[in-house]
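Participant: I am attaching a structure below and will ask some questions about it afterwards.
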Amino acid sequence: MAKTSIFFSWQADRDSLTGRNLIERALGRAISKISKDVSLFEPDRDRGALILDRDTKNVAGSPPIVETIFRKIDSAAVFVPDLTFVGTRGGRRPTPNPNVLIEYGWALKAMGHARIVAVMNTAYGEPSGENMPFDLRHQRNPIRYFCPKGASDSVRAAARDSLAKDFESALRMVFSSKEYCENLPGEIPNRLNRLLDQVNANRYEKVRPSHVAQMLGEENAIEVEEWFLGKKAPTFSQLLSVAGLFGIETKWLQHGDGPIYPVDYVRLPRIPVEAAHFLLNWEGQADRLEELHLIRAMNDAGGLYFIKKSKRGHFQIYYTPIHVSEVIGASGEADLMALFVTLELLYKRYTITGAEVLVVGHQLTDAEVSLLVRGNTNPGVLLENNRCMWWEDIWDREMTKNDYWPGYHALRDRIERCINSDAHLMKWRAQIQGGELTIDRSRHDPG
Numbered sequence: 006m007a008k009t010s011i012f013f014s015w016q017a018d019r020d021s022l023t024g025r026n027l028i029e030r031a032l033g034r035a036i037s038k039i040s041k042d043v044s045l046f047e048p049d050r051d052r053g054a055l056i057l058d059r060d061t062k063n064v065a066g067s068p069p070i071v072e073t074i075f076r077k078i079d080s081a082a083v084f085v086p087d088l089t090f091v092g093t094r095g096g097r098r099p100t101p102n103p104n105v106l107i108e109y110g111w112a113l114k115a116m117g118h119a120r121i122v123a124v125m126n127t128a129y130g131e132p133s134g135e136n137m138p139f140d141l142r143h144q145r146n147p148i149r150y151f152c153p154k155g156a157s158d159s160v161r162a163a164a165r166d167s168l169a170k171d172f173e174s175a176l177r178m179v180f181s182s183k184e185y186c187e188n189l190p191g192e193i194p195n196r197l198n199r200l201l202d203q204v205n206a207n208r209y210e211k212v213r214p215s216h217v218a219q220m221l222g223e224e225n226a227i228e229v230e231e232w233f234l235g236k237k238a239p240t241f242s243q244l245l246s247v248a249g250l251f252g253i254e255t256k257w258l259q260h261g262d263g264p265i266y267p268v269d270y271v272r273l274p275r276i277p278v279e280a281a282h283f284l285l286n287w288e289g290q291a292d293r294l295e296e297l298h299l300i301r302a303m304n305d306a307g308g309l310y311f312i313k314k315s316k317r318g319h320f321q322i323y324y325t326p327i328h329v330s331e332v333i334g335a336s337g338e339a340d341l342m343a344l345f346v347t348l349e350l351l352y353k354r355y356t357i358t359g360a361e362v363l364v365v366g367h368q369l370t371d372a373e374v375s376l377l378v379r380g381n382t383n384p385g386v387l388l389e390n391n392r393c394m395w396w397e398d399i400w401d402r403e404m405t406k407n408d409y410w411p412g413y414h415a416l417r418d419r420i421e422r423c424i425n426s427d428a429h430l431m432k433w434r435a436q437i438q439g440g441e442l443t444i445d446r447s448r449h450d451p452g
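According to our numbering, the sequence shown holds residues 6 to 452 in order.
See the structure below:
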């Protein structure tokens, strides 16, 4: 189930112990309580239906800050600004943080005043018609609490407890209101915005809704931008086109079913040239393979995974029954023998005929592998680190220096002995080393 976000706009001008930290903890406590209320939200097994969001939290890389914040506000259900006075303006009137006011103005445009729950620490001044900025004077007064800088732990705790109750009451009022229920953005805008977050996770130049509109061949960006804001619903055909642009699963974008990225199980052929042919080709006529990532899990089992990346930046994720370790049976041993020769063929193709396809090895942690096979995380983010040359060395009898994991040398020595006793694989290997075999000859028989 898609999460509903509550965006917190905070300021750092006042003491954080009595300001940002106190507010965020109180708001988090209120969210935790009401998000499990089945009278307001559908039951959710993943810690409730609401999340507390702020600034560029959970956005990977170095995103454009202002743009990211505005997009988050656009897709949020509720906006919570800290309007505590932090300075003065003309006439010595107190004023909130200017950045918070900018975000407040954006939220008014995006969602209207009914879904804004402002908060204020009155230790720095009480709100009134005279001292509030003009565009805030006629809005509902903020939730107020009093907690001066240097307050004791007990005073801060009491203020936090009281504020949490006030937040809970205000949020319940918002989520049960007729206006909110009649203007629910639905899950498709949430998925569209989540799609952009994932696509942009490892991109320097970020994709915006206007770019999506241009890629779809639209004359302007207005309609597509309204999809992301939940103001207009795209057709299933349009969602199919968006999914095709970024190589994500159509059924996820249309219905929320399955993973975001395609994840498939594959058993590599034991004929090395056929396995290499499969690894070095992209499934689909309109694209070509650009990168192949060979991944071993960093655990005792050493499961084998691989990711293909196309020239259009699309990903295909595969998991296999192969374990690059001693955790194998008789069939697993045969798979490893074929894999060693397949990797040698890949290496020869990679080094002799030129790097038409970049082949990179990795070792990933259990947590990273779990994220990978779930298919809901941009694979490019997981591939940024943990590069490893294991795939280039494990079949090469001259490469004995590196010890990539416990038992690595024992495994490679044993599999080499098995290959040496297999006449068919030795013929394949001889042709690879003699330059007689190319991957393009996918039905070549060594005789």
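Using N, Cα and C, we set each Cβ at its ideal position, and we do this for glycine too.
#1: Look at the Cβ atom of R161, then the Cβ atom of L57, and state whether they are nearer than 8 Å.
#2: Tell me the residue span of the beta strand (DSSP E) that contains M125.
#3: Nearest to N126 by alpha carbon, out of D158, L258, L168?
#4: Should the stretch 315-325 be regarded as contacting the stretch 230-245, the criterion being three or more beta carbon pairs within less than 8 Å?
#5: Once you ignore the five residues that flank L234 on each side, which residues in its own chain have a CB closer than 6 Å to its CB?
#6: Mark Y270 as exposed unless 16 or more other C-beta atoms lie within 10 angstroms of its C-beta, in which case mark it buried.
#7: Alpha carbon to alpha carbon, what distance is there between R177 and N102?
#8: Only counting runs of 3 or more residues, tell me where the beta strand (DSSP E) segments fall wholly within the stretch 325-389, in order along the chain.
#9: Can you name the residues that DSSP bridges to P86?
#10: Taking the alpha-carbon positions, what's the Y266 to D202 distance?
#11: Beta-carbon within less than 7 Å of P132's beta-carbon, same chain only, minus the 5 sequence neighbours each way: which residues are those?
#12: Starting from P277, trace the alpha helix (DSSP H) both ways and give me its first and last residue.
#13: By alpha-carbon positions, which one of N225, Y310, E231 ends up nearest to R272?
#14: Looking at the unbroken alpha helix (DSSP H) that takes in L416, where does it start and where does it end?
#15: What is the DSSP secondary structure of R50, counted as helix, strand or coil?
#16: How close, in whole Å, do the beta carbons of I281 and R354 come, if the pair is a contact with beta carbons under 8 Å?
#17: Hey, I437 and L341: beta-carbon distance below 8 Å or not?
#18: With a Cβ-Cβ cutoff of 8 Å, do T325 and P277 count as a contact?
#19: Starting from the C-beta of E231, find all residues in its chain whose C-beta is less than 6 Å away, skip the five residues before and the five after it, and write them out in chain order.
#20: Leaving out the 5 sequence neighbours to the left and right, which residues in its chain are closer than 7 Å to W287 when beta-carbon positions are compared?
#21: At what residues does the alpha helix (DSSP H) containing K432 begin and finish?
#22: Suppose the cutoff is 8 Å on Cβ atoms and the five residues either side in sequence are ignored; what does the same chain contact list for A306 look like?
#23: Find the nearest neighbour of E184 within the set G385, H298, G117, T100, judged by alpha-carbon distance.
#24: Count the other C-beta atoms from every protein chain shown that fall within 10 angstroms of the C-beta of P239, then say buried if there are 16 or more, exposed otherwise.
#25: Beta strand (DSSP E) containing K79: first to last residue?
#26: Quick check: what's the CA-CA separation for R25 versus S40?
#27: Does DSSP put L22 in a helix, in a strand, or in coil?
#28: Taking just the CA atoms, how far does E223 sit from C152?
#29: What three-state label does DSSP hand G261 in the structure shown?
#30: Using the rule of at least 16 other Cβ atoms within 10 Å of the residue's Cβ for burial, across every protein chain shown, is Y209 buried or exposed?
Facilitator: Let me spell this out:
#1: Translated into the one-based positions of the sequence shown, residue 161 becomes position 156. Translated into the one-based positions of the sequence shown, residue 57 becomes position 52. No, the Cβ-Cβ distance between R161 and L57 is not below 8 Å.
#2: Within the sequence shown, the letter at position 120 stands for residue 125. Residues 124-126.
#3: Your numbering for residue 126 matches position 121 in the sequence shown. It is L168 whose Cα lies nearest to the Cα of N126.
#4: The answer is no - the stretch 230-245 does not touch the stretch 315-325, with fewer than three Cβ pairs under 8 Å.
#5: Within the sequence shown, residue 234 is the residue found at index 229, counting from 1. Correct list, in chain order: D79.
#6: Position 265 of the sequence shown, counted from the first residue, corresponds to residue 270. Flag for Y270 reads exposed.
#7: Here residue 102 corresponds to residue number 97 of the sequence shown, with the count starting at 1. Here residue 177 corresponds to residue number 172 of the sequence shown, with the count starting at 1. Whole-angstrom Cα-Cα distance: 27 Å.
#8: 363-369
#9: Indexing the sequence shown from 1 puts residue 86 at position 81. Secondary-structure assignment with DSSP links P86 through a beta bridge to S14.
#10: For the purposes of this step, residue 266 is taken as residue 261 along the sequence shown, with counting starting at 1. For the purposes of this step, residue 202 is taken as residue 197 along the sequence shown, with counting starting at 1. Roughly 13 Å between the two C-alpha positions.
#11: Position 127 of the sequence shown, counting from 1, holds the residue named residue 132. Same-chain partners within the cutoff: M125, N146, P147.
#12: Here the question's residue 277 lines up with position 272 in the sequence shown. 277-284 is the extent of the alpha helix (DSSP H) around P277.
#13: Taking the first residue of the sequence shown as 1, we reach residue 272 at position 267. It is Y310.
#14: Indexing the sequence shown from 1 puts residue 416 at position 411. Where L416 is concerned, the enclosing alpha helix (DSSP H) stretches over 413-425.
#15: Along the sequence shown, one-based indexing puts residue 50 at 45. Reliability of the predicted coordinates at R50 is poor, the pLDDT of 40 falling under 50, and no value is obtained from them.
#16: Reading the sequence shown from its first residue, position 276 is the one you call residue 281. Reading the sequence shown from its first residue, position 349 is the one you call residue 354. Note that residue 281 is Ala in the sequence shown here, rather than Ile. Their Cβ separation, rounded to whole angstroms, is 7 Å, which keeps A281 and R354 in contact under 8 Å.
#17: For this step, residue 437 is matched to residue 432 along the sequence shown. For this step, residue 341 is matched to residue 336 along the sequence shown. No; because the gap between Cβ atoms is not below 8 Å, this pair is not in contact.
#18: Taking the first residue of the sequence shown as position 1, residue 325 is located at position 320. Taking the first residue of the sequence shown as position 1, residue 277 is located at position 272. For T325 and P277, no; Cβs fall outside 8 Å.
#19: Start at 1 with the first residue of the sequence shown, and residue 231 comes out as number 226. Excluding sequence neighbours, E231 sits near K237.
#20: Position 282 of the sequence shown, counting from 1, holds the residue named residue 287. Same-chain partners within the cutoff: R293, L294, K313, S315.
#21: Within the sequence shown, numbered from 1, the residue matching residue 432 stands at position 427. It spans 428-438 - the alpha helix (DSSP H) in which K432 sits, taken as one unbroken run.
#22: Sequence index remark: in the sequence shown, residue 306 carries index 301 (1-based). Around A306: H328, S330, V332.
#23: Taking the sequence shown and counting its residues from 1, one reaches residue 184 at position 179. Of the candidates G385, H298, G117, T100, the one whose C-alpha sits nearest the C-alpha of E184 is G117.
#24: Within the sequence shown, numbered from 1, the residue matching residue 239 stands at position 234. Label assigned to P239: buried.
#25: The sequence position of residue 79 within the sequence shown is 74, counting from 1. Correcting the residue type first, residue 79 is Asp in the shown sequence and not Lys. Counting along the chain, D79 falls outside any beta strand (DSSP E), though it belongs to the alpha helix (DSSP H) covering 70-80.
#26: For this step, residue 25 is matched to residue 20 along the sequence shown. For this step, residue 40 is matched to residue 35 along the sequence shown. Their backbone Cα atoms lie some 22 Å apart in a straight line.
#27: What you label residue 22 is simply residue 17 of the sequence shown in a count that begins at 1. The answer is coil: DSSP assigns L22 none of H, G, I, E or B.
#28: Residue 152 sits at position 147 when you count from the first residue of the sequence shown. Residue 223 sits at position 218 when you count from the first residue of the sequence shown. Distance between the alpha carbons of C152 and E223 is about 53 Å.
#29: Translated into the one-based positions of the sequence shown, residue 261 becomes position 256. Note: G261 maps to coil in three-state DSSP.
#30: Working through the sequence shown from its first residue, we reach residue 209 at position 204. Classification of Y209: exposed, given that the 10 Å Cβ count is below 16.
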